[in-house]
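Residue numbers (UniProt numbering): 1 to 490.
All C-beta atoms, glycine included, are put in the ideal place defined by N, C-alpha and C.
A quick write-up on the structure given underneath.
Have a look at this one:
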């Protein structure tokens with residue numbers, strides 16, 4: 001299932017799994033449904049990997065037996081799982097996850113948390129899986145692994161995604177828009193072809209209906225003119241006395257009735273045509289793209305070193321030392337597999353973590369947009385959060401900017417927690433790029449929750465942006481379109 005950000009894809013998923021109730025109608029799904037939420041909560045979980053996989057009690061029992069405990073309940077807990085520790089070690093390595101099962105899952109990267117959650121779902125006895133943006137935090141190898149899991153899964157899968165790699169490997173696409181669900185057979189390339197032909201057909205239909213509407217208006221006008229002419233002729237005959245009055249009254253009444261019927265029919269047809277025009281225009285409006293705004297940065301004279309790393313070793317992730325310097329206006333792509341330390345690097349730049357060795361010096365103000373858009377107070381309204389971060393923007397200008405990213409009317413009064421992942425990311429990008437201090441931007445996978453059109457627009461906006469930024473993204477095509485010229489590979 002695809003659709004523009006904020007159209008209600010995740011809302012529909014929550015209806016399907018029973019978290020929400022429909023305002024009318026009902027939902028019928030299999031008994032066992034597995035659900036991968038777009039905003040999975042492992043980032044704040046206090047569980048260990050063993051607890052998340054529900055094997056902690058077995059592992060503890062094995063430890064007790066290894067220490068010489070021989071009570072029967074330890075053996076009952078272990079059952080047939082004597083090799084579970086070795087089996088899980090092999091599995092963790094295969095999934096490219098840490099082998100320390102006592103490690104808190106909150107310490108894992110976003111991609112590692114997603115991999116662990118997905119593995120558990122695929123290995124549970126579900127008839128249906130609903131996967132809401134499962135590849136958002138996965139690197140390329142992770143996406144290939146996800147595709148393999150999907151292909152081997154015996155049940156049905158509803159995939160909510162904007163990931164071209166995944167969408168090219170599915171059999172049916174449902175597009176959700178403000179009108180409803182539309183089915184397209186085939187993969188994403190097939191959908192694009194069908195959608196293009198459909199939009200052309202809508203444009204032709206709209207032109208035909210508008211021409212028909214003009215003909216109806218002309219017909220009404222002509223009927224009224226003919227009625228006026230007949231009325232004038234009748235008055236002339238009446239003055240001349242050439243026809244009996246009873247015949248004149250009969251003709252007058254019949255003409256009035258005919259005109260009234262003609263006007264009524266024309267009015268109904270005009271109303272029907274206007275409704276048809278509105279429907280066709282709505283279908284066109286759903287294909288109109290929103291915008292991604294990035295503020296113009298004033299040019300500064302000369303290049304300055306905004307960030308310098310010298311033999312810097314990160315506290316988590318890879319252990320190889322990093323040496324680089326970021327100059328004013330440069331655009332860097334930070335690459336690496338899940339767990340390599342990309343988000344950790346951003347935390348070190350912000351001063352939230354210390355380097356293990358070496359040095360890292362930042363000489364510029366920094367504004368970071370992380371992959372969870374956690375800059376927001378979720379119980380505050382959209383307009384209040386914009387005002388909090390950008391008090392220099394007037395109320396009217398703020399509403400104009402918000403309308404440009406699809407947040408119009410009363411939507412600006414909604415709480416942040418009601419927005420979709422894509423809407424939050426667009427709002428965050430708007431705020432990040434309108435800081436008066438013109439900071440160096442740290443963008444941690446800003447393209448994750450965006451629909452394909454918005455993703456292309458963001459890449460173009462970043463390409464035109466004249467400020468400095470470091471971009472974490474697993475999508476090399478997106479990073480190239482965003483104008484990155486330098487690379488930090490972790």
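Where do the ends of the beta strand (DSSP E) carrying residue i lie?
i           : result
residue 21  : That residue, residue 21, is in no beta strand (DSSP E); it is neither H nor E in DSSP.
residue 444 : 440 to 444
residue 331 : 331 to 335
residue 131 : 128 to 132
residue 306 : 305 to 313
residue 322 : 322 to 327
residue 97  : Looking at the DSSP string, residue 97 is not in any beta strand (DSSP E), and its letter there is neither H nor E.
residue 491 : Residue 491 is absent from the structure shown; the chain starts at 1 and stops at 490.
residue 471 : 469 to 472
May I ask you to report which of helix, strand or coil DSSP gives residue i?
i           : result
residue 174 : strand
residue 341 : coil
residue 359 : strand
residue 376 : coil
residue 395 : helix
residue 182 : strand
residue 35  : strand
residue 48  : strand
residue 487 : strand
residue 70  : coil
residue 84  : helix
residue 415 : strand
residue 276 : helix
residue 161 : coil
residue 407 : coil
residue 448 : coil
residue 79  : coil
residue 54  : coil
residue 346 : helix
residue 317 : coil
residue 169 : coil
residue 463 : helix
residue 353 : coil
residue 109 : coil
residue 28  : coil
residue 223 : helix
Do you know whose CA, among the options, lies nearest residue i's CA?
i           : options            : result
residue 117 : 48, 68, 425, 354   : 48
residue 314 : 339, 328, 332, 430 : 339
residue 13  : 23, 5, 32, 36      : 36
residue 358 : 390, 144, 324      : 324
residue 42  : 112, 428, 465, 73  : 112
residue 23  : 33, 11, 123        : 11
residue 142 : 337, 160, 425, 25  : 337
residue 98  : 209, 203, 317, 213 : 317
residue 150 : 406, 121, 426      : 121
residue 26  : 169, 15, 34        : 15
residue 77  : 58, 413, 439       : 58
residue 414 : 384, 391, 55, 397  : 384
residue 173 : 195, 152, 417, 134 : 195
residue 458 : 480, 129, 46       : 480
residue 127 : 155, 370, 63, 9    : 155
residue 34  : 5, 96, 158, 484    : 158
residue 371 : 490, 7, 17, 138    : 138
residue 134 : 124, 490, 441, 146 : 146
residue 9   : 449, 463, 461      : 449
residue 60  : 45, 216, 46, 85    : 85
residue 1   : 312, 166, 331      : 166
residue 341 : 321, 329, 328, 331 : 321
Taking residue i as part of the alpha helix (DSSP H), name the residues at either end of that continuous run.
i           : result
residue 389 : 382 to 389
residue 422 : 421 to 432
residue 476 : 476 to 481
residue 436 : Looking at the DSSP string, residue 436 is not in any alpha helix (DSSP H), and its letter there is neither H nor E.
residue 10  : 9 to 16
DSSP beta-bridge partners for residue i?
i           : result
residue 2   : 175
residue 104 : 48
**OP:** Any chance you could list the alpha helix (DSSP H) runs of at least 4 consecutive residues sitting entirely within the segment 115 to 159, in chain order?
**Re:** Here the runs fully enclosed are 140 to 152.
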